[in-house]
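*Asks:* Supplied in structure tokens, the structure appears directly below.
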Amino acid sequence: MAAKLRKGDKVVVLAGKDKGKQGEITSVDPKAGKAVVDGVNVAIRHQRQTQSNQGGRQPKAMPIDLSNLALMDANGKATRVGFREEDGKKVRYAKTTGDAI
């Protein structure tokens, strides 16, 4: 199955404590069905001090389920993703506007 959401996509959160927040996908785990979005689902992690960086309480973006994310279209609204062929290539497109992504 082709990936509807990929690294670098601008997304909006549909459900959960961060509902309505927007961000960019930094990594995707298709096997677990989760993605890490910067600035969303942030938890505090305690870090031991090392020679290179200061220790303490560090904010870290945790994975969020792909079903709770939707791609943002050109208008800045949430949209579903579809697939179609253009010039013999399979491309993703926004269902709301019909524009290729």
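Using full-length UniProt numbering, count along the sequence shown one by one with no gaps and you end on 101.
Cβ coordinates follow ideal geometry from the N, Cα and C atoms, glycine included.
Remember, it's a predicted structure, so these values are computed and weren't measured experimentally.
What residue range is occupied by the uninterrupted beta strand (DSSP E) comprising A43?
*Replies:* 42–47 is the span of the beta strand (DSSP E), which, as asked, contains A43.
*Asks:* Spell out a yes or no on whether the stretch 3–11 and the stretch 65–81 are touching, meaning 3 or more CB-CB pairs, one atom from each, closer than 8 Å.
*Replies:* Yes, the stretch 3–11 is in contact with the stretch 65–81.
*Asks:* Can you list the beta strand (DSSP E) stretches of 3 or more residues lying completely in the UniProt domain "KOW" (4–31), in chain order?
*Replies:* Counting only runs of 3 or more, we get 10–13, 22–29.
*Asks:* If you drop the 5 nearest sequence neighbours on each side, which residues of the same chain put their C-beta closer than 7 Å to that of G33?
*Replies:* Taken in chain order, the residues that qualify are D65, L66.
*Asks:* Would a C-beta distance cut-off of 8 Å place P30 and I44 closer than the cut-off?
*Replies:* Going by C-beta atoms, P30 is not nearer than 8 Å to I44.
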